[in-house]
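For the sequence shown, my numbering assigns the number 44 to the initial residue and increments by one for each residue that follows.
All residues carry an ideal CB built from backbone N, CA and C; glycine is no exception.
For clarity, every value in this text was computed on a predicted model and none was experimentally measured.
So the structure is just underneath, and the comments pick up after that.
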Amino acid sequence: MVSPEDWMRVRRGLRFGQRLRGTVTAVPRPGAIGVFMDLGLAVDGYVDVSLLPRDPARWPVEGTACDVEVWWADDRPRIALKPVDRRFLRDDFTAWQRATRPDWPERVPVERAWVDAAAARRRTGVVERTLRAAGWAPGRNVPTGGWRAALEASGLVRMHRAARGFLAEFGGLRVRVDGPGITCARTPFHFDPGLLTGEEDRFADWSAALGRAVFPIGELDEGRFFLGIDERGEVYLLETWVARFGPVRDALEKLVLGIAPERVDVGPAY
């Protein structure tokens, strides 16, 4: 079983259209479900039946070594592949590709595929609807002085402009989501830095480790994890380890849709 951390490490180095060498390890149901491949990585590869010839007699057999290209990635820790050798491609591949993925290879980092896999959900407006249901609206502007006074009293953290702007728009929102997400379960989050009074030392220590001023903005999963934002507007998850959600817009989408943040490799603060 591949851990989320192993999958993150693998996908960081991949691009759509990147060429790899693989060996077919299984063809469980020729003509039905596709071909599994060993790429020499922590995760396996897979050629979907939709890319393969209609006649399974033309499919690569177990033990075949061939070149493949990175075709897609979604919530499963597995790399979807496209054979380079046209003998192993559907006869109408060129026309089919123009109709289904006209811009391929997009040269997009595979790690962005998590967000791309959620594009259909984005287009339905699920992120905006979820935030509106929690009380957000364009132009929302709530006072932040109380949170600033409470947390700065420790002398360990200071509310910078990025934190003030974020909390003015999103502070106080309690977002209730659950169920399966794109790469991880969707869990509720609450943008209330007052919940983190007493945790200022944790934020100060992680700020020193990251070289960023991370200010508390709330909690995730009913207090299991803490959320913070640095002076550049990047959102983080903090525990005894740290992970980055990215800029505010990306962070909101990941929190609502269930897309895991990227673990940051820094020395332990705890």
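Classification of residue i by the beta-carbon crowding that lies within 10 angstroms, buried from 16 upward
i	result
proline 290	exposed
glycine 168	exposed
arginine 54	buried
alanine 228	exposed
threonine 173	buried
isoleucine 272	buried
alanine 108	exposed
glycine 83	exposed
isoleucine 76	exposed
valine 309	exposed
alanine 142	exposed
valine 299	buried
proline 314	No information on residue 314 is available, as it lies outside the stretch 44 to 313 that the chain covers here.
glutamate 262	buried
alanine 180	exposed
glycine 266	exposed
alanine 177	buried
alanine 138	exposed
glycine 254	exposed
Limits of the unbroken beta strand (DSSP E) element including residue i
i	result
valine 170	No beta strand (DSSP E) contains valine 170, which is instead part of the alpha helix (DSSP H) from 169 to 176.
valine 278	277 to 281
leucine 270	268 to 272
For residue i, the three-state DSSP class (helix, strand or coil)
i	result
alanine 251	helix
proline 236	helix
alanine 256	coil
valine 218	strand
glycine 261	strand
arginine 144	coil
arginine 52	helix
arginine 164	A caution first: arginine 164 carries a pLDDT of 47, below 50, which makes its placement in the model unreliable, though a value can still be read off. Helix, per DSSP.
valine 158	The pLDDT assigned to valine 158 is 42, lower than 50, so where the model puts this residue is not dependable; a value taken from the coordinates is nonetheless given after this. Note: valine 158 maps to helix in three-state DSSP.
proline 229	According to the sequence as given, residue 229 is arginine; it is not proline. Arginine 229 falls in the coil class under three-state DSSP.
glutamate 305	strand
proline 47	helix
glutamate 212	helix
glutamate 243	helix
Spatial neighbours of residue i in its chain, beta-carbon cut-off 8 angstroms, leaving aside the 5 residues before and after
i	result
alanine 69	Val78, Phe79 and Glu105
glutamate 242	Pro259 and Phe269
leucine 132	Leu94, Leu95, Pro96, Lys125 and Pro126
arginine 204	Glu274
arginine 183	Ala211, Glu212 and Phe213
phenylalanine 246	Leu199, Val200, Leu239, Val257, Phe258, Pro259, Phe269, Gly271 and Leu281
glutamate 195	Arg201 and Met202
Cut-off 7 angstroms between Cβ atoms - residues of its own chain near residue i, not counting five sequence neighbours on either side
i	result
proline 47	Ala303
serine 197	Glu243
alanine 163	In this prediction, alanine 163 scores a pLDDT of 43, lower than 50, which makes its location untrustworthy; the coordinate-derived value is nonetheless stated afterwards. Result list for alanine 163: empty, nothing under 7 angstroms.
glutamine 61	Glu112 and Val113
tryptophan 249	Val257, Leu281, Val285 and Ala312
Chain D within 8 angstroms of residue i, Cβ atoms only
i	result
phenylalanine 288	Reference to chain D is not applicable here, since this structure consists of a single protein chain.
Neighbourhood of residue i by C-beta distance below 6 angstroms, restricted to the same chain and skipping five residues each side
i	result
alanine 294	Val278 and Phe288
glycine 88	Gly65, Met80, Leu82, Ile122 and Leu124
methionine 202	Arg191 and Phe258
leucine 63	Leu82 and Val111
alanine 85	Val45, Asp49 and Val53
leucine 238	Glu262
aspartate 264	Thr230
Residue i - containing alpha helix (DSSP H), residue span
i	result
alanine 286	Looking at the DSSP string, alanine 286 is not in any alpha helix (DSSP H); the run it does join, the beta strand (DSSP E), is 285 to 290.
In chain order, each alpha helix (DSSP H) run of at least 4 residues that lies wholly inside the segment 173 to 206 | 188 to 195
At which residue ranges does the segment 54 to 139 contain complete beta strand (DSSP E) runs of 3 or more residues, listed in the order of the chain? Listed in chain order, they are 62 to 69, 78 to 81, 88 to 90, 108 to 115 and 122 to 126.
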